[in-house]
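Undergrad:
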Amino acid sequence: MSKSYAKSSQKGRAKGRDLPKLPLFAIGGVFLAAFAALVAFTSLKPPPPPASAIGGPFQLVAHNGQTVTEKDFLGRPFLVFFGYTHCPDICHTTLFEISEVLRALGPKANAGALFVTVDPERDTPAVLKDYLSNFDPRIVGVSGDRAQLDPMLKEYRIYSKKAAESGEDYAVDHTTVVYLMDKNGRFVSSFNVGRKPADAARDLERYM
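Residue numbers for the sequence shown follow this note's numbering, beginning at 52 and rising by one.
See below:
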């Protein structure tokens, strides 16, 4: 090995030894901060819609044949659910759960529920009346033509789309959330009717 090459190698090693080294706790702190930022970013959720963004005026036909508007529900809290009578399971189950909540409140409780069809072509007032005879009488079913119904679906942020048709035996994909409206007709929040009826009833009773 030449002397010049040896000297050059020694200088290179000397320079390497002179490089500053970060203490381990500093390196750990950098990784911890980066991890925390990643967790915070991935945990972000879109804020819930403001109360004023849910609900609004409507004029539809109830299952008893009478015209109803949002004003008919003022003075009491009420639940709102969108579905249809040919629904294979979810709608029937949800209406049963709503009935159980109202039953737990007692027959004289000033509360109610609104069942809005997303399938007005089949769900006439007469069909709704027969269907709702299986549930609590405080549940009011409403229907109407598309010109009446579509604005309400938009007001309540409801997705509804007819699936691939098979004659008259078609399904309708739709939002299945239950809304809680207060006695002034203002949106409060989504309402969990799948819990114990007594617990849900106590929650609803707070708005009476």
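Where a beta carbon is used, it is the ideal one built from N, C-alpha and C, also for glycine.
State the start and end residues of the unbroken alpha helix (DSSP H) segment that holds Val-228.
TA: Translated into the one-based positions of the sequence shown, residue 228 becomes position 177. Here Val-228 belongs to no alpha helix (DSSP H), and DSSP marks it neither H nor E.
Undergrad: Grab me the residues of Met-232's own chain with a C-beta within less than 8 Å of its C-beta, minus the 5 sequence neighbours each way, in chain order.
TA: In the sequence shown, residue 232 corresponds to position 181, counting from 1. Answer for Met-232: Gly-106, Phe-124, Pro-128, Phe-129, Leu-130, Val-131, Phe-238 and Val-239, listed in chain order.
Undergrad: As a quick exercise: from Lys-122, Val-229 and Ala-155, pick the residue whose alpha carbon is nearest that of Arg-253.
TA: As a first step, residue 253 must be located in the sequence shown, where it is residue number 202. Comparing Cα positions, the closest option is Ala-155.
Undergrad: In this structure, does DSSP put Thr-144 in helix, strand or coil?
TA: Here residue 144 refers to the residue found at position 93 when the sequence shown is read from its first residue. Residue state, collapsed to three classes: helix.
Undergrad: Considering only residues of the same chain and omitting the five flanking positions on each side of Leu-146, which have a CB-CB separation below 6 Å?
TA: Taking the first residue of the sequence shown as position 1, residue 146 is located at position 95. Within the same chain, Leu-146 has close Cβ partners Phe-186.
Undergrad: Residues in its own chain within less than 6 Å of Gly-134 by CB, not counting five upstream and five downstream?
TA: As a first step, residue 134 is located in the sequence shown; it is residue number 83 there, counting from the start. Counting only Cβ-Cβ distances below 6 Å, and skipping sequence neighbours, we find Cys-142.
Undergrad: Do Gly-163 and Val-119 come within 9 Å of each other at the CB atom, strictly closer than that value?
TA: Indexing the sequence shown from 1 puts residue 119 at position 68. Indexing the sequence shown from 1 puts residue 163 at position 112. No, these two residues do not count as a Cβ contact at 9 Å.
Undergrad: Tell me which residues share the same chain as Glu-256 and place their Cβ nearer than 6 Å to its Cβ, disregarding the 5 neighbours each side in the sequence.
TA: Along the sequence shown, one-based indexing puts residue 256 at 205. None.
Undergrad: Please classify Ser-241 as buried or exposed, where buried requires at least 16 other C-beta atoms within 10 Å of its C-beta.
TA: Start at 1 with the first residue of the sequence shown, and residue 241 comes out as number 190. Label assigned to Ser-241: exposed.
Undergrad: Below 7 Å CB to CB, which residues in the same chain sit around His-137 once its five sequence neighbours on both sides are set aside?
TA: As a working mapping, residue 137 is identified with position 86 in the sequence shown. Counting only Cβ-Cβ distances below 7 Å, and skipping sequence neighbours, we find Asp-170 and Arg-173.
Undergrad: Exposed or buried, what is Gly-126 when buried is set at 16 or more other beta-carbons lying within 10 Å of its beta-carbon?
TA: Residue numbering aside, residue 126 sits at position 75 when the sequence shown is read from its first letter. Its Cβ having fewer than 16 others within 10 Å, Gly-126 is exposed.
Undergrad: For Gln-117, name the three-state secondary structure that DSSP assigns.
TA: For this step, residue 117 is matched to residue 66 along the sequence shown. Correct three-state label for Gln-117: coil.
Undergrad: Beta-carbon within less than 6 Å of Tyr-258's beta-carbon, same chain only, minus the 5 sequence neighbours each way: which residues are those?
TA: For the purposes of this step, residue 258 is identified with residue 207 of the sequence shown, where counting begins at 1. The answer, listed in chain order, is Pro-128 and Asp-233.
Undergrad: For the candidate residues His-225, Lys-180 and Pro-248, whose alpha-carbon lies nearest to that of Asp-140?
TA: Within the sequence shown, residue 140 is the residue found at index 89, counting from 1. Closest by alpha carbon: His-225.
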